[in-house]
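A short worksheet on the structure shown next.
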Amino acid sequence: MIVVASANGKIGIPAAMEILRAGGSALDAVEAATRIVEDNPDDHTVGYGGYPNLLGEVELDASIMDGRTLRAGAVGALKGYRHPISVARKVMEELPHVLLVGEGAARFAAEMGFQAENLLTDEAATVYRQGISGALPPDKARDWLSGGIDRNLARLARLTTDPERAAGTVNFIAKDREGNIAVAVSTSGWAWKYPGRLGDSPVIGAGNYADNRYGACACTGWGELALRCGTAHAVVLYQRLGFGLEQACRQAMHDLAYVAEDPARAIMNLIAINRDGRPIGMTTVPGRTYVWMTDDLDAPVEEPRVVIDLTRVKR
Ligand code: GLY
Numbered sequence: 058m059i060v061v062a063s064a065n066g067k068i069g070i071p072a073a074m075e076i077l078r079a080g081g082s083a084l085d086a087v088e089a090a091t092r093i094v095e096d097n098p099d100d101h102t103v104g105y106g107g108y109p110n111l112l113g114e115v116e117l118d119a120s121i122m123d124g125r126t127l128r129a130g131a132v133g134a135l136k137g138y139r140h141p142i143s144v145a146r147k148v149m150e151e152l153p154h155v156l157l158v159g160e161g162a163a164r165f166a167a168e169m170g171f172q173a174e175n176l177l178t179d180e181a182a183t184v185y186r187q188g189i190s191g192a193l194p195p196d197k198a199r200d201w202l203s204g205g206i207d208r209n210l211a212r213l214a215r216l217t218t219d220p221e222r223a224a225g226t227v228n229f230i231a232k233d234r235e236g237n238i239a240v241a242v243s244t245s246g247w248a249w250k251y252p253g254r255l256g257d258s259p260v261i262g263a264g265n266y267a268d269n270r271y272g273a274c275a276c277t278g279w280g281e282l283a284l285r286c287g288t289a290h291a292v293v294l295y296q297r298l299g300f301g302l303e304q305a306c307r308q309a310m311h312d313l314a315y316v317a318e319d320p321a322r323a324i325m326n327l328i329a330i331n332r333d334g335r336p337i338g339m340t341t342v343p344g345r346t347y348v349w350m351t352d353d354l355d356a357p358v359e360e361p362r363v364v365i366d367l368t369r370v371k372r
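Residue numbers 58 to 372, in this note's numbering, belong to the letters of the sequence shown in order.
Right, here's the structure in full:
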């Protein structure tokens, strides 16, 4: 049994492992672990305390996939509910659909009994105001701040592309006692994004994919890249085609070089396992880590991700 996560998922790993050790399912383990990160107000890339969109509204995206059945559920641009991962799971279990967004997702969350609340913390609101003010063109700042922001969202979306705030997300992959694999992904998305923007996290195949027969993958980073390459599914598909785990991940990362406007600045991180549960983490940014824990260990292991330099990939 194993649980693998992006580094910000370390706080959720013990709870996930406890579930697996008690004979619980990989699906229960990844959902429980994700909820812990969604509750963490200090993680500004996920759930409660996440950075808002250009209008100052927190919009959350999440997805969950069951590698045993290939069933999946996802929500995008969900406002007012701190556990999008649990709403995504309900989509998978209660609806004949995979993905709900916006008002429909919020309506469904309410119908399923989730409690609505304000997710914008004072800290996130302060950073948002500073981020927006800092990005405004000086000659337009006064006009835009006094009511003009909503008439200039498209221009602002191009100006507020802080790479460090664009790319956060949490990933969990688990393999349980029965050998079943599940993946969960949750994010508040690109900070100061255009309202309604979805990245890779709620899109099955882009930010999340699991198939017991071959393995699983989940992504953090610039969702726009993983969306265009179907990165999580690519990792699983390359394994299906006979690539080893590391080679499959390298190939999926190399694919990104074709869509990255500037490969030197492209941010993509993935975690993956093969069907035997062997883990790997990969990134375009030197120094990034990922975490994993098998059932014979007392604590999670944090180790460096394999670094891929997209500037060296022939396009
Ligand atoms: N990877 C998260 C996002 O782009 O929204």
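The C-beta atom is built at its ideal place from N, Cα and C for all residues, glycine as well.
CA-CA distance, histidine 154 to leucine 284, rounds to 20 angstroms. Here leucine 367 has Leu313, Ala314, Ala317, Pro320, Ala323 and Thr341 as same chain residues with Cβ atoms under 7 angstroms from its own Cβ, once five neighbours each way along the sequence are excluded. By DSSP's assignment, alanine 309 forms no beta bridge with any residue. In this chain, the alpha helix (DSSP H) harbouring serine 143 covers 141 to 151. DSSP places valine 115 in the coil class of the three-state scheme, outside both helix and strand. The continuous alpha helix (DSSP H) containing isoleucine 70 extends over residues 70 to 78.
According to DSSP, serine 243 shares a beta bridge with Ala119 and Val227. In the displayed model, isoleucine 206 falls within a helix according to three-state DSSP. The nearest non-hydrogen atom of ligand 1 is 7 angstroms or more from the C-beta of glycine 69. In the DSSP assignment, the residues bridged to proline 336 are Ile330. Relative to ligand 1, the beta carbon of glycine 106 is positioned no closer than 7 angstroms to any heavy atom.
Among the bridge pairs identified by DSSP, valine 348 is matched with Ala62 and Glu359.
Per DSSP, the beta bridge partners of isoleucine 261 are Asn265.
Assignment of lysine 232 by DSSP, reduced to helix, strand and coil, places it in the strand class. In the DSSP assignment, leucine 156 falls within the beta strand (DSSP E) that extends over 156 to 158. Distance between tyrosine 185 and isoleucine 68, taken at the CA atoms: about 26 angstroms. In the pairwise beta carbon analysis, the stretch 187 to 197 is classified as not touching the stretch 159 to 171: fewer than three pairs are separated by under 8 angstroms.
Excluding residues up to 5 positions away in sequence, Asn97, Pro98, Asp99, Asp100, Leu176, Thr178, Glu180 and Ala181 lie with their Cβ nearer than 8 angstroms to the Cβ of glycine 106 in the same chain. If you draw a straight line from the Cα of valine 61 to the Cα of isoleucine 328, it comes to about 7 angstroms. Excluding sequence positions up to five before and after leucine 302, its CB lies within less than 8 angstroms of the CB of Gly272, Gln296, Ala329, Ile330, Asn331, Arg335 and Ile337, all in the same chain and listed in chain order. Here isoleucine 189 carries a helix assignment [DSSP, helix/strand/coil]. A straight-line Cα-Cα distance of about 37 angstroms links proline 259 and aspartate 196. The alpha-carbon of alanine 89 is positioned some 14 angstroms away from that of methionine 122. Distances between the C-beta of tryptophan 249 and the heavy atoms of ligand 1 are all 7 angstroms or more. Its chain contains Gly137 and Arg139 as the residues whose beta carbon lies nearer than 7 angstroms to that of glutamate 174, once the 5 sequence neighbours on both sides are disregarded; these appear in chain order.
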